[in-house]
Amino acid sequence: MPHTPSPQTFRPAGPLRGSIAVPGDKSISHRSLILGAMAVGETRVSGLLEGEDVLATAAALRAMGADITREDDGTWHVHGVGVGGLLQPASAIDCGNSGTSARLLMGLVASHGITVSFTGDASLSKRPMGRVIDPLSLMGASFTASPGANGTQCFPLMLEGAHPAVPITYRLPMPSAQVKSAVLLAGLNTPGITTVIEPVPTRDHSERMLRGFGAQLDITEEDGARIIRLTGQPELQPQDLTVPGDPSSAAFFIVAATLVEGSDLTIRNVGMNPTRAGLVGVLRAMGADIEELEPREVGGEPVADLRVRHAALKGIEVDPAVVPSMVDEFPVLFVAAALAEGTTLTRGLDELRVKESDRLATMAAALEAVGARVEESEDGLTIHGTGGEPLRGTANARIKTHLDHRIAMSMAVAGLASRDGVEVDDVSPIATSFPRFESMLSAVTPRPA
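Heads up: the sequence shown begins at 112 in this note's numbering, then just goes up one per residue.
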């Protein structure tokens, strides 16, 4: 069925005020369902992000034997099949728009003796899967993938799992929490010790949660690299989990409150895992007023309430070392940079070229369309800020989001800080990660009577 775009214009609506709680962390939501499905017994999850991406993971696990249900109060129940217990699905696994579902489920299936067809939407079908296929092939899984641009391997693909799989020692060629997690998930049903060498640390939700479910996971540091060793074929224990608020979802409100004069917004229960909280540090370096209230730990993850007040920003050179801790937040950081005083330089962002869209090219074009001065390089953007002057907005043109939810939400934030409003060509992809984004934005930016 052809996709029908849903355009929308986001206009200045006054300061952001009040207190909100953003949806549960997407990365943790995926992993709680997957590891719950690998445990024996009932895992209960509260605060799960109920966006299309996470629901795709739930549907895939149901198709392979897990019993996953939701109560009216929002609590999810996962009755697992145990490590090694995945069943042959009756039909193809549809990952929709979710790269996380695709890569993590490929890892999970790779060490089971089943054959699975994986499909996705038009956007996901363009994204390269070779970086996951390579290590999983070394473990014994075999793949028949569709050819993509520049010789890449893409969806749809057929995966034939290895049973038994072969434990490997794999050094990540580039920082990727998804590749790391795929190898570790494959290692769950692999006899022996599966080792991942991570030269640059990435988000560590998988390691924290694997330990929480009872897996034997040893992490050491050698020559500046993290060495993660997983002992295969554990009996995982079911858990009661509370998912903290997603820092990637909070990012849009953090930037919006920073940019819009008079704002004073509190965002409750935000995950502050240091492998995910890079945006807060970068914005503070630019002059943002972000206060952490009641720092605490929930389900093994650090969280805090964030109070964000309007502040004038100054351009900086962003250290490429922070990229893994905020890779999904760069589109909205670019919006903040467009309104800062001076120039913001970003590098080391090659990964953004292979997300739901080429986020460097897409954001460069989007910001230029609303009056920002942007220079695009191979691995980053240089943005010359307006010094706080509102962006021009889009009077006669729609911003092309290329079906990318983070582009749509970032340019919605740009609309709040514009003179005439910003029209995006399609807001429907926002439902993949943040179904309540627009209603929540309206709740904290009441229009004057």
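Just so it is clear, CB atoms sit at the ideal spot from N, CA and C, and this is done for glycine as well.
None of these values were measured; they are calculated from a predicted model.
Whole-Å CB distance - residue i paired with residue j, under 8 angstroms assumed
i	j	result
Val194	Gln344	6 angstroms
Glu467	Asn208	7 angstroms
Glu534	Arg509	5 angstroms
Thr457	His495	Between His495 and Thr457 the Cβ distance is about 13 angstroms, and since that is not below 8 angstroms, they are no contact.
Asp531	Lys511	With a Cβ gap of about 18 angstroms, Asp531 and Lys511 do not count as contacting.
Ala361	Val393	Their Cβ separation, rounded to whole angstroms, is 14 angstroms, which puts Ala361 and Val393 out of contact at 8 angstroms.
Gly152	Leu376	Wrong, their Cβ atoms sit about 40 angstroms apart, outside the cutoff.
Pro413	Asn384	6 angstroms
Glu163	Ala542	5 angstroms
Ile131	Met551	6 angstroms
Ala422	Asp400	4 angstroms
Length of the line joining the Cα atoms of residue i and residue j
i	j	result
Leu370	Ala480	19 angstroms
Ser292	Arg340	12 angstroms
Asp490	Val243	22 angstroms
Ala169	Lys425	43 angstroms
His513	Ser359	19 angstroms
Asn300	Ser521	40 angstroms
Ile518	Leu478	11 angstroms
Glu462	Lys237	14 angstroms
Ile378	Gly325	32 angstroms
Pro200	Pro435	34 angstroms
Leu198	Gly176	6 angstroms
Gln327	Thr306	12 angstroms
Ala167	Cys206	5 angstroms
His223	Pro134	32 angstroms
Asp469	Gly196	38 angstroms
Ser117	Val538	6 angstroms
Helix, strand or coil at residue i [DSSP, three-state]
i	result
Gln289	helix
His190	strand
Asp461	helix
Ile279	coil
Ile427	coil
Leu127	coil
Pro358	helix
Phe545	coil
Ala560	For Ala560, the pLDDT reaches just 41, beneath the cut-off of 50, and the residue's location in the model is therefore unreliable, although a value from the coordinates is still provided. Here Ala560 sits in coil by DSSP.
Met240	coil
Ala297	helix
Phe229	strand
Residue from the options with nearest C-alpha to residue i
i	options	result
Gly191	Val156, His316, Ala167	Val156
Asp184	Glu549, Glu161, Val438	Glu161
Arg314	Pro286, Ile330, Gly323	Pro286
Ser143	Pro246, Gly303, Gln350	Gln350
Pro355	Ile308, Gln327, Gly411, Ile338	Gly411
Thr493	Ser529, Pro540, Ala447	Ala447
Ser202	Ile365, Ser222, Glu402, Met269	Met269
Ile308	His516, Gln199, Tyr281	Tyr281
Pro442	Thr353, Ala476, Arg420, Pro501	Ala476
Arg547	Phe364, Arg387, Asp416, Ala396	Phe364
Pro239	Gln264, Phe229, His223, Lys137	Gln264
Leu527	Arg122, Ala483, Ser138	Arg122
Glu372	Leu450, Arg395, Met551, Arg214	Leu450
Phe254	Thr120, Asp232, Ala221	Ala221
Leu249	Val290, Leu172, Ser234, Pro278	Pro278
Phe445	Val524, Thr505, Ala276, Gly398	Val524
His274	Glu346, Gly251, Ala396, Val419	Gly251
Residue i and residue j closer than 9 angstroms at C-beta
i	j	result
Val227	Gly272	yes
Met149	Leu219	yes
Pro557	Ser374	no
Ala297	Leu247	yes
Thr154	His114	no
Thr211	Gln289	yes
Ala388	Met320	no
Leu159	Ser138	no
Leu352	Gly147	yes
Leu417	Val433	no
Glu318	Ile330	yes
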